[in-house]
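Taking it in order: structure first as structure tokens, then the write-up.
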Amino acid sequence: MAMRDTDVEIRGDSLAKKRILLGVSGGIAAVDTVRLARELRRHGAIVSVMMTHSAQKIISPLAIEWATQSPVITDWESDLTALEEVDGILIAPTTRDLMASYLHGLQHGPILMALSAARTRDCPVMMIPSMHADLANDPVTTEIVDEIRHKGIEVYWGKEDEGKRKTPPHEEIVARFANYVNSTKTNRKSVVITLGATRSPIDDIRFIQNTSSGFSGFAIADNLFRHGHDVTCVKGVTT
């Protein structure tokens with residue numbers, strides 16, 4: 003059967019049937035929300051979305067609704083079903099204003115209400131900050147992020163590029179988020195994987211080497227990581 007344009011190709015089950023709340027605040031990185039939402043769905047997540055007023059000026063809620071195939075909450079409603087228990091909350095992008103507002107207990111939007119509710123339910127929350135490097139390097143920002151982490155929220159920064167701390171690629175965000183959400187599993191293990199071409203010496207000159215590309219090893223490591231396990235890779239020569 004032909005795929006509809008709203009369908010996604012399932013690439014994994016690390017978030018299968020998990021109810022994920024995606025919060026979008028007003029950073030310019032909000033333009034990537036469509037790709038991020040669809041990547042979450044590719045790994046089985048059931049995605050609901052909340053957007054701040056500032057985020058709606060950057061990207062249309064209609065586009066996000068297309069990407070998630072679920073209604074987008076843009077303001078207070080009489081029945082905020084998304085505040086009901088979820089399996090994880092991902093705020094991407096996260097502005098400094100939103101982080102500071104959360105720390106000070108402000109409730110000027112549904113996202114902040116959801117974060118407060120998550121705190122009482124021990125729900126895993128990950129924030130992906132995005133801002134200019136000068137703002138990111140401000141000691142006040144460091145204090146805010148440290149306090150956020152102290153409250154048990156995972157904060158994951160992207161690399162600095164063109165004078166900005168941009169959000170990481172959406173594939174990387176989803177992999178990190180899946181690992182974080184699944185890290186509380188009772189069957190979590192520490193796993194060491196050898197991958198790529200490895201050598202075994204015969205004598206001082208000769209050795210035996212397999213021709214592994216490392217592709218299968220990387221795929222296994224990625225799958226285990228997404229399911230919450232602590233993975234260490236011992237890498238040989240890869241192609």
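Under the numbering used here, the very last position in the sequence shown is 241; numbers go up by exactly one each time.
Backbone N, C-alpha and C fix where the C-beta goes; we use that ideal spot for every residue, glycine too.
Under the three-state DSSP convention, the category residue i falls into
| i | result |
| --- | --- |
| Gln71 | coil |
| Thr122 | helix |
| Ala138 | helix |
| Val49 | strand |
| Met129 | strand |
| Gln58 | helix |
| Pro112 | helix |
| Pro171 | coil |
| Ile30 | helix |
| Val147 | helix |
| Glu156 | strand |
| Val183 | helix |
| Ser192 | strand |
| Val176 | helix |
| Leu232 | Here residue 232 is Asp; the residue named in the question, Leu, does not match the sequence. Looking at Asp232 - three-state DSSP - the assignment turns out to be strand. |
| Val10 | coil |
Cβ pair residue i, residue j closer than 8 Å
| i | j | result |
| --- | --- | --- |
| Leu38 | Ile22 | no |
| Ala180 | Arg228 | yes |
| Val183 | Asp232 | no |
| Gly230 | Arg190 | yes |
| Ser56 | Gly25 | no |
| Val33 | Val51 | no |
| Cys235 | Ala221 | no |
| Ile66 | Thr97 | no |
| Thr137 | Thr144 | Rather than Thr, the amino acid found at residue 137 in this sequence is Leu. No. |
| Pro126 | Trp78 | no |
| Ile146 | Ala119 | no |
| Gly46 | Ala18 | yes |
Any non-hydrogen atom of the ligand FMN closer than 7 Å to residue i Cβ
| i | result |
| --- | --- |
| Gly25 | No copy of the ligand FMN appears in this structure; indeed no ligand is present at all. |
Residue i burial status per 10 Å Cβ neighbour count (16 or more: buried)
| i | result |
| --- | --- |
| Lys153 | exposed |
| Arg201 | exposed |
| Gly107 | exposed |
| Arg167 | buried |
| Lys187 | exposed |
| Ile61 | buried |
| Met5 | exposed |
Residue i - partner residues in DSSP beta bridges
| i | result |
| --- | --- |
| Ile91 | Leu23, Val127 |
| Pro63 | Bridge partners of Pro63: none, in fact. |
| Glu162 | Arg167 |
| Arg2 | The question about residue 2 has no answer, for the chain in this structure spans 3 to 241. |
| Thr96 | Pro131 |
### Query
Should the region 131-139 be regarded as contacting the region 93-101, the criterion being three or more beta carbon pairs within less than 8 Å?
yes
### Message
Does the contact criterion of 3 or more C-beta pairs under 8 Å hold for the region 161-180 versus the region 199-219?
### Response
The region 161-180, when compared against the region 199-219, does not touch it at the 8 Å Cβ threshold.
### Query
Given 8 Å as the limit, is there contact between the region 145-160 and the region 11-21, that is, 3 or more CB pairs closer than that?
They do not touch, by the three-pair rule.
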